[in-house]
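Chains as they are written, first to last, in UniProt numbering: chain A, 1 to 223; chain B, 1 to 223; chain C, 1 to 223; chain D, 1 to 223. For every residue, glycine included, the Cβ atom is placed at its ideal position computed from N, Cα and C.
Number of protein chains: 4
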Amino acid sequence: MTLFNRLKTAAGTEWSTYTGHSFLQQLEAGTLPKAAFRNYLIQDYLFLIQFARAYALAAYKGRTLADITQGLRGLNASVEETELHVRLCAEWGISREQMEATPEHPATVAYTRYVLDTGMRGDLLDLHVALSPCVVGYAEIGARLKPALQANPDHPYAEWIAEYSSEQSQQLAADAIAEIDALGERFLPESRFREVAETFATATRMESAFWQMGLDLGAAEQG
Amino acid sequence: MTLFNRLKTAAGTEWSTYTGHSFLQQLEAGTLPKAAFRNYLIQDYLFLIQFARAYALAAYKGRTLADITQGLRGLNASVEETELHVRLCAEWGISREQMEATPEHPATVAYTRYVLDTGMRGDLLDLHVALSPCVVGYAEIGARLKPALQANPDHPYAEWIAEYSSEQSQQLAADAIAEIDALGERFLPESRFREVAETFATATRMESAFWQMGLDLGAAEQG
Amino acid sequence: MTLFNRLKTAAGTEWSTYTGHSFLQQLEAGTLPKAAFRNYLIQDYLFLIQFARAYALAAYKGRTLADITQGLRGLNASVEETELHVRLCAEWGISREQMEATPEHPATVAYTRYVLDTGMRGDLLDLHVALSPCVVGYAEIGARLKPALQANPDHPYAEWIAEYSSEQSQQLAADAIAEIDALGERFLPESRFREVAETFATATRMESAFWQMGLDLGAAEQG
Amino acid sequence: MTLFNRLKTAAGTEWSTYTGHSFLQQLEAGTLPKAAFRNYLIQDYLFLIQFARAYALAAYKGRTLADITQGLRGLNASVEETELHVRLCAEWGISREQMEATPEHPATVAYTRYVLDTGMRGDLLDLHVALSPCVVGYAEIGARLKPALQANPDHPYAEWIAEYSSEQSQQLAADAIAEIDALGERFLPESRFREVAETFATATRMESAFWQMGLDLGAAEQG
Numbered sequence: 001m002t003l004f005n006r007l008k009t010a011a012g013t014e015w016s017t018y019t020g021h022s023f024l025q026q027l028e029a030g031t032l033p034k035a036a037f038r039n040y041l042i043q044d045y046l047f048l049i050q051f052a053r054a055y056a057l058a059a060y061k062g063r064t065l066a067d068i069t070q071g072l073r074g075l076n077a078s079v080e081e082t083e084l085h086v087r088l089c090a091e092w093g094i095s096r097e098q099m100e101a102t103p104e105h106p107a108t109v110a111y112t113r114y115v116l117d118t119g120m121r122g123d124l125l126d127l128h129v130a131l132s133p134c135v136v137g138y139a140e141i142g143a144r145l146k147p148a149l150q151a152n153p154d155h156p157y158a159e160w161i162a163e164y165s166s167e168q169s170q171q172l173a174a175d176a177i178a179e180i181d182a183l184g185e186r187f188l189p190e191s192r193f194r195e196v197a198e199t200f201a202t203a204t205r206m207e208s209a210f211w212q213m214g215l216d217l218g219a220a221e222q223g
Numbered sequence: 001m002t003l004f005n006r007l008k009t010a011a012g013t014e015w016s017t018y019t020g021h022s023f024l025q026q027l028e029a030g031t032l033p034k035a036a037f038r039n040y041l042i043q044d045y046l047f048l049i050q051f052a053r054a055y056a057l058a059a060y061k062g063r064t065l066a067d068i069t070q071g072l073r074g075l076n077a078s079v080e081e082t083e084l085h086v087r088l089c090a091e092w093g094i095s096r097e098q099m100e101a102t103p104e105h106p107a108t109v110a111y112t113r114y115v116l117d118t119g120m121r122g123d124l125l126d127l128h129v130a131l132s133p134c135v136v137g138y139a140e141i142g143a144r145l146k147p148a149l150q151a152n153p154d155h156p157y158a159e160w161i162a163e164y165s166s167e168q169s170q171q172l173a174a175d176a177i178a179e180i181d182a183l184g185e186r187f188l189p190e191s192r193f194r195e196v197a198e199t200f201a202t203a204t205r206m207e208s209a210f211w212q213m214g215l216d217l218g219a220a221e222q223g
Numbered sequence: 001m002t003l004f005n006r007l008k009t010a011a012g013t014e015w016s017t018y019t020g021h022s023f024l025q026q027l028e029a030g031t032l033p034k035a036a037f038r039n040y041l042i043q044d045y046l047f048l049i050q051f052a053r054a055y056a057l058a059a060y061k062g063r064t065l066a067d068i069t070q071g072l073r074g075l076n077a078s079v080e081e082t083e084l085h086v087r088l089c090a091e092w093g094i095s096r097e098q099m100e101a102t103p104e105h106p107a108t109v110a111y112t113r114y115v116l117d118t119g120m121r122g123d124l125l126d127l128h129v130a131l132s133p134c135v136v137g138y139a140e141i142g143a144r145l146k147p148a149l150q151a152n153p154d155h156p157y158a159e160w161i162a163e164y165s166s167e168q169s170q171q172l173a174a175d176a177i178a179e180i181d182a183l184g185e186r187f188l189p190e191s192r193f194r195e196v197a198e199t200f201a202t203a204t205r206m207e208s209a210f211w212q213m214g215l216d217l218g219a220a221e222q223g
Numbered sequence: 001m002t003l004f005n006r007l008k009t010a011a012g013t014e015w016s017t018y019t020g021h022s023f024l025q026q027l028e029a030g031t032l033p034k035a036a037f038r039n040y041l042i043q044d045y046l047f048l049i050q051f052a053r054a055y056a057l058a059a060y061k062g063r064t065l066a067d068i069t070q071g072l073r074g075l076n077a078s079v080e081e082t083e084l085h086v087r088l089c090a091e092w093g094i095s096r097e098q099m100e101a102t103p104e105h106p107a108t109v110a111y112t113r114y115v116l117d118t119g120m121r122g123d124l125l126d127l128h129v130a131l132s133p134c135v136v137g138y139a140e141i142g143a144r145l146k147p148a149l150q151a152n153p154d155h156p157y158a159e160w161i162a163e164y165s166s167e168q169s170q171q172l173a174a175d176a177i178a179e180i181d182a183l184g185e186r187f188l189p190e191s192r193f194r195e196v197a198e199t200f201a202t203a204t205r206m207e208s209a210f211w212q213m214g215l216d217l218g219a220a221e222q223g
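Here it is, written out as structure tokens:
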């Protein structure tokens, strides 16, 4: 079993709460209020900016040129993803200025700063474990929602599902799982497994709170 | 006007939402559900552990021995405060083991990691500004709630009000305000005021979310 | 006067010691022992790896996406420069394996870790000021040594002089100077000038020690 | 064998170069030029300020309250040691102002910033391993030099030898060795031993350079 799978198994409840969250069930069914999705998109942009910083941190934390180059790849990918995001948001009528003027929601702050602080305090394994519920979880969710898109090409959230069920997204997740395995061999004596599992479970809970924020902000907007 | 007062004025709405939160109105009136307060206390313990790390960060960030010694004082005070907290919690029937076994709530993660990340990313001013809604706000709240305690010595939250209305708490707040003024002269050209004001407003919003968490966890427990 | 020029003026002695170091006089005259240059090249490779980490740190320290993207550019450039360096070293008969197996000299450790620690402890201005004696100084040196290369195309250190007198190198220096000016407006009240000037002077002294290391290692090798 | 002893054995040459350095042989024989010792003392004061920051970093890096409290103890001890140092220097006619006005030598920068950067980049084990050549090495040296002091109570460096051969110094070293063992169990899979051994060897080489600095500055002063 990969280290990632051990972590996922140890956080069984947190993982299923996250990946099976009501926000996603509604998104899959196409019944998610547009206001919920739009607010989620805006916060996700603010989230990505902090994620870029987390990959920069991975490069800073590198011991070898290979470590640094790996962080650089993640940083490049994150910065590119913010540009994709700006385009997706434009289709939803949200401008970059609007997104940048929106205050970060506590749920956005919670997950992003948890990753950044966990990575700074700990080692590269801690950092990648804290990042993984996002990278791997989104791909897992994308794969699960793919049939809903295939059944209905006019799905209101087609683009989002297409992105996270894409070949590229699945590959990124596979790479992240392999990276965690490699870092585990380098940094993880068995006795520390529980500590790292706690980090994974906490990060996963922060992801659930992020979905919940989408629902809450959507409901608040609709009054 | 002190820099702190300028920050507070700039974040007028956030500050009044925080210091006048329903959690505090109920606490003042003595009507706050015990479950809400107990859950708040537990999360506040987890919060204090991260705050100790923030003062350690202040010592690390020091340029002079005086800076380092100032951080050390804050770290010492935080570690002592966790011990006070353990005693207060014991009176509420909560053991240290229970607190340490409780997962951090997203609202706890949000504020504490925001402070830690803001301080690491920025300078000593950023760090102290992010800490100040807690240090100064609690003293301001304590002073405002003092009459409720004087009117009713059997107030159910007597100990909490007594602590934050105490001479010592007021002095800590005055010191923090003076420290921010001193750091402002050292690190803040006027053109950067808006950036620092945004940090202050964000930290203040995270404090409001912390009160809300108390209410939500209390309501969830009571079913 | 640019902030960079104010810093250079304030560190007049340190700057002239650095840019007029005997290592450079010998390099210009073509009399620098090959052993000195070869040892310098090897340490410079180890130096570049840490410099890549410093640009990653700049990206991590960013407050805006523009800040992060700027750090990313520096990181990309540094990683590319290590590759250029590997090729230059290959011409001198030094393999990548040899360089990576060489222990870092105290002078290499001193400058690189000074930059990294100064940047982590302080703000983006501190980081860029600590980086600038390298980025700007090398271009200034390159421009000054250019006539020696033009007078003698078979100059033993032609490639090194060509690199640092190149258009691209001069542009990088101009960009770094502009960046420091912009950061100065953002982060530097006049009262803090002395503190930042001390950082600049220290970093410049570390650069002088790096040249001296080249001479010392060369002399030691020749017995 | 303790982890510390494994590290010391792996860095056999570096360790004997450090602990048997000519500076120490002359100090033991009482023939070390006073100018060398005085310059060493001044740099050692600047060194201690950075070491205080390193213990603050250990507290920041803590995962548990016990970790934080352990860092706090080291920080307290370091700040106290700077005060002892000021008194020792006063006896040598060196004022605090003089020490604070002295620029840090590259050898001082090299070791202190290496410790700080290694600790920030890595985990608590990396940090404590980088600190250990100082904490444990000085006690080992003190114990070895003790007979020289017992043979001659008027030894010119009596106070220095007394301090590092003291019960308290030996205990600090024993604690540091135990701490590294405990952290090794927590953070070190066998496969990472070589990486940590490299950190230890590098830190030890930086200590040798620090002794050499004493000799060089002394010689320069005497002209």
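Please confirm if valine 79 of chain D has its CB atom under 8 Å from at least one CB of chain B. yes
Would you mind reading off the limits of the alpha helix (DSSP H) that contains glycine 119 of chain C? 106–121
Residues of the segment 117–141 of chain D in Cβ contact with chain A at a cutoff of 7 Å, in chain order, please. Arg121, Gly122 and Asp123
Any chance the CB of threonine 202 of chain C is under 7 Å from a heavy atom of the ligand GDP? Of the ligands one can find in the structure shown there are none, so the ligand GDP has no counterpart to examine.
Here's the rule: buried if 16 or more other CB atoms are within 10 angstroms of the residue's CB, otherwise exposed. What is alanine 11 of chain D? buried
Would you call the CB atoms of aspartate 126 of chain A and glycine 137 of chain A closer than 8 Å? no
At least 3 beta-carbon pairs within less than 8 Å: the segment 83–102 of chain D vs the segment 129–148 of chain D: no
Expected contact under 8 Å - CB spacing of isoleucine 94 of chain A and valine 129 of chain A to nearest Å: The pair is not a contact, with the Cβ atoms about 32 Å apart (cut-off 8 Å).
Spatial neighbours of threonine 204 of chain B within its chain, please: CB distance less than 7 Å, with the 5 preceding and 5 following residues excluded, ordered by chain position. Ala11, Glu14, Trp15, Tyr18 and Pro133
When the Cα atoms are used, what is the spatial distance from proline 33 of chain B to alanine 219 of chain B? 8 Å
Cα separation between alanine 35 of chain B and tryptophan 92 of chain B? 10 Å
Could you check what DSSP says for asparagine 5 of chain C in three-state terms: helix, strand or coil? helix
Against chain C, with Cβ distances strictly below 8 Å, would leucine 88 of chain A count as a contact? no
Take the Cβ of alanine 151 of chain C as the centre, count every other Cβ of all protein chains shown within 10 Å, and call the residue buried at 16 or more, exposed below. exposed
I want to verify the contact list: residues of chain C whose CB lies under 8 Å from the CB of alanine 107 of chain D, in sequence order. Pro106 and Ala110
Whole angstroms is fine: what's the gap from glutamate 159 of chain D's alpha carbon to leucine 41 of chain D's? 12 Å
Within this structure, are the beta carbons of alanine 107 of chain B and phenylalanine 210 of chain B separated by less than 8 Å? yes
For chain D, is any of its Cβ atoms less than 8 Å away from the one on arginine 192 of chain B? no
On the DSSP letters alone, give me the boundaries of the alpha helix (DSSP H) that aspartate 216 of chain A sits inside. 193–222
Would the segment 53–70 of chain A and the segment 55–67 of chain C be scored as touching if the rule is three or more Cβ pairs under 8 Å? yes
Since isoleucine 42 of chain B meets chain D, which of its residues come closer than 7 Å, beta carbon to beta carbon? Here the premise fails: no neighbours, minimum Cβ distance about 15 Å.
Could you spell out where the alpha helix (DSSP H) holding aspartate 175 of chain A opens and where it closes? 167–187
Tell me the residue span of the alpha helix (DSSP H) that contains serine 22 of chain C. 22–29
Please compile the residues from chain A whose C-beta is within a distance smaller than 8 Å of the C-beta of phenylalanine 187 of chain D. Asp123, Phe187, Pro189 and Arg192
Whole angstroms is fine: what's the gap from leucine 183 of chain A's alpha carbon to threonine 202 of chain A's? 19 Å
For threonine 31 of chain C, does the count of other Cβ atoms within 10 angstroms reach 16, so buried, or fall short, so exposed? exposed
Just the C-alpha distance for leucine 172 of chain A and serine 208 of chain A, rounded to the nearest angstrom, thanks. 21 Å
Cα-Cα separation between glutamate 190 of chain B and leucine 46 of chain C, rounded to whole angstroms: 40 Å
Counting only Cβ-Cβ distances shorter than 7 Å, please list the residues of the segment 41–70 of chain D near chain B, keeping chain order. Ile49, Ala52, Arg53, Ala56, Leu57, Ala59, Tyr60, Gly62, Leu65, Ile68 and Thr69
Using C-beta distances below 6 Å, list every residue in its chain close to leucine 72 of chain D, excluding the 5 sequence neighbours before and after it, in chain order. Ala59
Tell me the residue span of the alpha helix (DSSP H) that contains isoleucine 141 of chain C. 124–151
Between leucine 27 of chain C and tyrosine 157 of chain C, is the Cβ-Cβ spacing less than 8 Å? yes
Using Cβ-Cβ distances below 9 Å, what residues of the segment 16–40 of chain A are close to chain B? none
Measuring only the C-alpha atoms, how far is leucine 131 of chain D from proline 147 of chain C? 48 Å
Within a Cβ cutoff of 8 Å, which residues of the same chain sit near valine 79 of chain D, ignoring the five residues on either side of it in sequence? Ala52
Judging by CA-CA distance, which residue of D/Met1, D/Thr9, D/Arg38 and D/Lys8 is the nearest neighbour of methionine 213 of chain D? D/Arg38
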